[in-house]
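Visitor:
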Amino acid sequence: MDTEEARDFNERCTQCAAVSWGITDEGTYYCTSCLNVTERHKEVESIADFTPNTKIQAINRGLKKKRKLEKGLEWYICEGFQYILYQQAEALLSLGVCPKLKDEVLHNFWKRYLQKSKQAYCRRPIYSNDNKSVGSDSYLSLSGLDSEPELLSIHRYPFSESEAESHSEVSDRLILPNIKFTQSETTSVCSGSVDGVEYSRQKGKGILKMTMPMTLAFCYLSLLWQREAITLSDLLRFVEDGHIPYINIHQNFPEEMKLYGQDIKFFATERSASDLLFFIRNTCSWPIYEDIYEKMIELAKFLDLPRFPDVTENCFLHPNMLCMKYLMEANLPDEMNNLTCQVIRMTGIGEVNFLTFDPITEKTKTVKYDVQAVAIIVVVLKLLFLLNDNVEWSLSSLAQEHNENNYEDGPCFDFRKWYQIMKKVIDEKQQKQEEFRAKYQWKSEKPLYYSSGDRSVVYKRRRMVVNLQKQFSVLVDSASNPEKKKPSSFQLNWTEDQNTTCFHRHSLQKILQKKGKSLTTLNSLYWLSTQKFCKSYCKHVTTYEESNFSMSYQFVLNFFSFLLRIKASLLHEEVSLFEKRLFYKKYENKSKASKSKKA
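Heads up: the sequence shown begins at 1 in the numbering used here, then just goes up one per residue.
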């Protein structure tokens, strides 16, 4: 493209009224402001500089390419999500997961979803104007049903430049195998996709529609099947840090996939400017742990998946392994790992049948592996220090006195010192996270519009916003964005940081006492996080109000909740459920006492 040769062309653009032209490879003028391509061609001064046949071919190819890019090729909603899953799977591979996750596991899950949702691999697709299944008249028809359908290939996108050029001349592009796309009688003016309007109208039982959070449910379901060393909280953190594409991923769609109108509600994660509060827009745009987890279970049941591979002690998802990981990240003593293993063995939550996900059973047991591991650590801290704003400070004074008078022995764990260090670290991390979310650019670089008529107005507004942002950045002298850090399973690393104290090798000798041949906690008291659970028909098991609990317990919950990017109420609920298994006798005695009082 050459902008210098277009200086003689002084007409205004029909879309944005700007006079800023460039010349495409085919010789047509295009607007450098809104990228509008005209049908005017640059006149050639010397006939000897070109071959007439070459000019005619270039003009024809340019017009054909322009018309196809303006109108867009036929594509379906499932193709858009297929492209997104491909990009997310590639990102997971770059993080070090097994290649089978994309080539086999996610591949087969997506194929099974298309078949269950009757979008492909079925005789009677679900699409019709009257919400009735149709046969050969539908724009999605399946050929070769008598033979075994070939597996779905999610390698169709993205095209390479050479492949895209070769496919630009093909009108019927087969993205889904064995599916024939036929030209619909009426072109949709309410969406860029063929089935955008129809897809938004689908309602009823047994229908599981694809959404952006559902793509993460697919990814986590595949990770769980492979028993990879990535938990759900890690997955969502990688999404927020930009290592896994999610926010505004639609702007990476191929050029021939036009996105507007009804399509926006399926693929756009940004919120409109009509939201009442800015922070609501921020919190709603990021994927939420509980939402993705519930969608994962719903998806597994919809697909009728069999029992997942067993979660054994050698697996990363086993609570013994996860507790060790979070103890290291929380800068807690290594000796606490023995206590967590004992508690896991007492409650039986480390058994294979308890940990393995089986979606087809009548009472599906669901385990939040990362949240459960953190809840175990919270319970062990309560066993050691009680966390009632009294006992933990008394034990800290004993540990401080021991550390000052005994230099030869190893240091004893001081809860007060740990609290002061961790509070400072977490406050800094939370402030950085709030600044990151406040500065995050929610609007995509490729503007979204609800109709082709609004395209010029939307692009003009987008240019104004970009210009204002540039001017404002110059006024405030904002620094350039820092380089993206490499992804890691650990957010906090205490071995490399020499400026703070590492408590990993601190002992618990002043907190534990010998009783015969065994060690018991110096603290003999314990208080239950929940005295009475909600009834079964209630959505939540228990309620969490900060004013009802001690400051130290609140800090421990908030600290681990920040690590997992979850709500403190969710962790409190998991702590209560674990205490119910550990102290089941206390709960039984209380239930019997309450029944006797009523009698």
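Think of the CB as a built atom: it goes at the ideal place given N, C-alpha and C, for glycine as much as any other residue.
Pair every Cβ in the segment 303-323 with every Cβ in the segment 232-244, then say whether three or more of these pairs are closer than 8 Å.
Guide: Contact fails: fewer than three Cβ-Cβ distances are below 8 Å.
Visitor: Once you ignore the five residues that flank Phe421 on each side, which residues in its own chain have a CB closer than 8 Å to its CB?
Guide: Numbered from its first residue, the sequence shown carries residue 421 at position 421. In the sequence as presented, Phe is not what sits at residue 421; that position holds Ile. Answer for Ile421: Asn331, Thr500 and Thr501, listed in chain order.
Visitor: Thinking Met346 and Leu582 are a contact (beta carbons under 8 Å), I'd like their distance in whole angstroms, please.
Guide: For the purposes of this step, residue 346 is identified with residue 346 of the sequence shown, where counting begins at 1. For the purposes of this step, residue 582 is identified with residue 582 of the sequence shown, where counting begins at 1. Yes, Met346 and Leu582 are in contact; Cβ-Cβ is about 7 Å, under 8 Å.
Visitor: Look up Tyr30 in the DSSP assignment and give the residues it is bridged to.
Guide: The count along the sequence shown starts at 1 and reaches residue 30 at position 30. Per DSSP, Gly22 and Val37.
Visitor: Which of the three DSSP states, helix, strand or coil, is assigned to Ala373?
Guide: If you number the sequence shown from 1, residue 373 lands on position 373. Ala373: helix per DSSP, three-state reduction.
Visitor: In whole angstroms, what is the alpha-carbon distance linking Glu73 and Phe253?
Guide: Taking the sequence shown and counting its residues from 1, the one referred to as residue 73 is at position 73. Taking the sequence shown and counting its residues from 1, the one referred to as residue 253 is at position 253. Reading off the sequence, residue 73 comes out as Leu, not Glu. Between Leu73 and Phe253, the C-alpha separation is close to 12 Å.
Visitor: Let me know the secondary structure DSSP gives Leu224 once reduced to three states.
Guide: Position 224 of the sequence shown, counting from 1, holds the residue named residue 224. The answer is helix: DSSP assigns Leu224 an H, G or I state.
Visitor: Would His250 pass as a contact of Phe267 if the rule is Cβ separation under 7 Å?
Guide: On the sequence shown, position 250 is the one that residue 250 refers to. On the sequence shown, position 267 is the one that residue 267 refers to. Closer than 7 Å, so yes.
Visitor: On the criterion of 16 or more Cβ atoms from any shown chain inside 10 Å, does Leu224 qualify as buried, or is it exposed?
Guide: Translated into the one-based positions of the sequence shown, residue 224 becomes position 224. That one is buried.
Visitor: How big is the Cα-Cα spacing for Phe559 and Asn338?
Guide: Counting from one through the sequence shown, the residue named residue 559 turns up at place 559. Counting from one through the sequence shown, the residue named residue 338 turns up at place 338. Rounded to whole angstroms, Phe559 to Asn338 spans 22 Å at the Cα level.
Visitor: Please report the straight-line C-alpha distance between Trp494 and Phe302, rounded to a whole angstrom.
Guide: Within the sequence shown, numbered from 1, the residue matching residue 494 stands at position 494. Within the sequence shown, numbered from 1, the residue matching residue 302 stands at position 302. Spanning the two alpha carbons is a distance of roughly 43 Å.
Visitor: According to DSSP, Lys514 sits in a beta bridge with which residue or residues?
Guide: As a working note, residue 514 is residue 514 in the sequence shown. Note: Lys514 sits in a beta bridge opposite Leu519.
Visitor: Closer than 7 Å by C-beta to Ile344: which residues in its own chain qualify, once you throw out the five before and the five after it? Chain order, please.
Guide: Working through the sequence shown from its first residue, we reach residue 344 at position 344. Pro319, Asn320, Gly350 and Ile376, listed in sequence order.
Visitor: Can you tell me whether Trp622 is buried or exposed? The criterion is at least 16 other CB atoms within 10 Å of its CB, across all chains shown.
Guide: Because the chain is modelled from 1 through 599, residue 622 falls outside the range shown and cannot be assessed.
Visitor: Could you have a look at Cys341 and say whether DSSP puts it in helix, strand or coil?
Guide: Translated into the one-based positions of the sequence shown, residue 341 becomes position 341. It is helical.
Visitor: Identify every residue that forms a DSSP beta bridge with Cys122.
Guide: One-based indexing of the sequence shown puts residue 122 at position 122. DSSP output for Cys122 lists no bridge partner at all.
Visitor: Output the boundary residues of the alpha helix (DSSP H) element that contains Ile264.
Guide: Along the sequence shown, one-based indexing puts residue 264 at 264. Ile264 to Phe267 is the extent of the alpha helix (DSSP H) around Ile264.
Visitor: Could you have a look at Ser94 and say whether DSSP puts it in helix, strand or coil?
Guide: Locating residue 94 in the sequence shown gives position 94, counting from the first residue. DSSP places Ser94 in helix when its eight states are reduced to three.
Visitor: From the DSSP output, read off the bridge partner residues of Cys412.
Guide: In the sequence shown, counting from the first residue as 1, residue 412 sits at position 412. In DSSP, Cys412 forms a bridge with Ser507.
Visitor: Take the Cβ of Pro333 as the centre, count every other Cβ of all protein chains shown within 10 Å, and call the residue buried at 16 or more, exposed below.
Guide: As a first step, residue 333 is located in the sequence shown; it is residue number 333 there, counting from the start. When all chains shown are included, Pro333 counts as buried.
Visitor: Which word fits Ile360, buried or exposed, when buried means at least 16 other C-beta atoms lie within 10 angstroms of its C-beta?
Guide: Residue numbering aside, residue 360 sits at position 360 when the sequence shown is read from its first letter. With fewer than 16 Cβ atoms within 10 Å of its Cβ, Ile360 is classed as exposed.
Visitor: Since I believe Thr215 is in contact with Gln88 (beta carbons under 8 Å), could you give me their beta-carbon distance rounded to a whole number of angstroms?
Guide: Numbered from 1 along the sequence shown, position 88 holds the residue referred to as residue 88. Numbered from 1 along the sequence shown, position 215 holds the residue referred to as residue 215. Contact flag correct, Cβ pair sits at about 6 Å.
Visitor: With DSSP collapsed to three states, give me the class of Gly348.
Guide: Translated into positions along the sequence shown, residue 348 becomes position 348. In the structure shown, Gly348 sits in coil (DSSP, three-state: anything other than H, G, I, E or B).
Visitor: Evaluate Glu392 with the Cβ neighbour count: other Cβ atoms within 10 Å of its Cβ, from every protein chain shown; 16 or more gives buried, anything less gives exposed.
Guide: By 1-based counting over the sequence shown, the position of residue 392 is 392. So Glu392 ends up on the buried side.
Visitor: Taking only the alpha-carbon atoms, compute the straight-line gap between Gln226 and Arg112 and give it to the nearest angstrom.
Guide: For the purposes of this step, residue 226 is taken as residue 226 along the sequence shown, with counting starting at 1. For the purposes of this step, residue 112 is taken as residue 112 along the sequence shown, with counting starting at 1. Straight-line Cα distance between these residues: approximately 17 Å.
Visitor: Where does Gly261 fall in DSSP's three states?
Guide: Residue 261 sits at position 261 when you count from the first residue of the sequence shown. In this structure, Gly261 counts as strand in the three-state DSSP scheme.
Visitor: Would the beta-carbon of Leu579 fall within 7 Å of that of Ser524?
Guide: As a position in the sequence shown, residue 579 is number 579, starting the count at 1. As a position in the sequence shown, residue 524 is number 524, starting the count at 1. Note that residue 579 is Glu in the sequence shown here, rather than Leu. Their beta carbons are not under 7 Å apart, which means Glu579 does not touch Ser524 by this criterion.
Visitor: To the nearest angstrom, how far is the alpha carbon of Ser616 from that of Leu95?
Guide: No answer is possible for residue 616: the residues shown for the chain start at 1 and end at 599.
Visitor: Whole angstroms are fine: how far does the CA of Val371 sit from the CA of Gln13?
Guide: Within the sequence shown, the letter at position 13 stands for residue 13. Within the sequence shown, the letter at position 371 stands for residue 371. One point to set straight first is that residue 13 is Cys, not Gln, in the sequence displayed. The alpha-carbon atoms of Cys13 and Val371 are separated by roughly 57 Å.
Visitor: Can you check which of these residues, Val97, Arg437, Asp310 and Val37, is closest to Phe354 by C-alpha distance?
Guide: Walking along the sequence shown from the start, residue 354 turns up at place 354. The shortest Cα separation from Phe354 among Val97, Arg437, Asp310 and Val37 belongs to Asp310.
Visitor: Thinking Ala568 and Tyr544 are a contact (beta carbons under 8 Å), I'd like their distance in whole angstroms, please.
Guide: Numbered from 1 along the sequence shown, position 568 holds the residue referred to as residue 568. Numbered from 1 along the sequence shown, position 544 holds the residue referred to as residue 544. Right, the Cβ-Cβ distance comes to about 6 Å (below 8 Å), so this counts as a contact.
Visitor: Would Asp389 and Met551 qualify as a contact pair, given that the criterion is a beta-carbon distance under 7 Å?
Guide: Residue 389 sits at position 389 when you count from the first residue of the sequence shown. Residue 551 sits at position 551 when you count from the first residue of the sequence shown. Closer than 7 Å, so yes.
Visitor: Excluding five sequence neighbours on each side, which residues of the same chain lie with their C-beta closer than 7 Å to the C-beta of Val556?
Guide: Your numbering for residue 556 matches position 556 in the sequence shown. Excluding positions up to five away in sequence, the list reads Val378, Leu381 and Leu387.
Visitor: Using only the alpha-carbon positions, how far apart do Leu259 and Glu546 sit?
Guide: For the purposes of this step, residue 259 is taken as residue 259 along the sequence shown, with counting starting at 1. For the purposes of this step, residue 546 is taken as residue 546 along the sequence shown, with counting starting at 1. Rounded to whole angstroms, Leu259 to Glu546 spans 45 Å at the Cα level.
Visitor: Which residues bound the alpha helix (DSSP H) around Asp291?
Guide: Within the sequence shown, numbered from 1, the residue matching residue 291 stands at position 291. Run containing Asp291: Tyr289 to Phe302, per the alpha helix (DSSP H) assignment.
Visitor: Taking only the alpha-carbon atoms, compute the straight-line gap between Lys365 and Glu401 and give it to the nearest angstrom.
Guide: Taking the sequence shown and counting its residues from 1, the one referred to as residue 365 is at position 365. Taking the sequence shown and counting its residues from 1, the one referred to as residue 401 is at position 401. When rounded, the distance between both Cα atoms is 47 Å.
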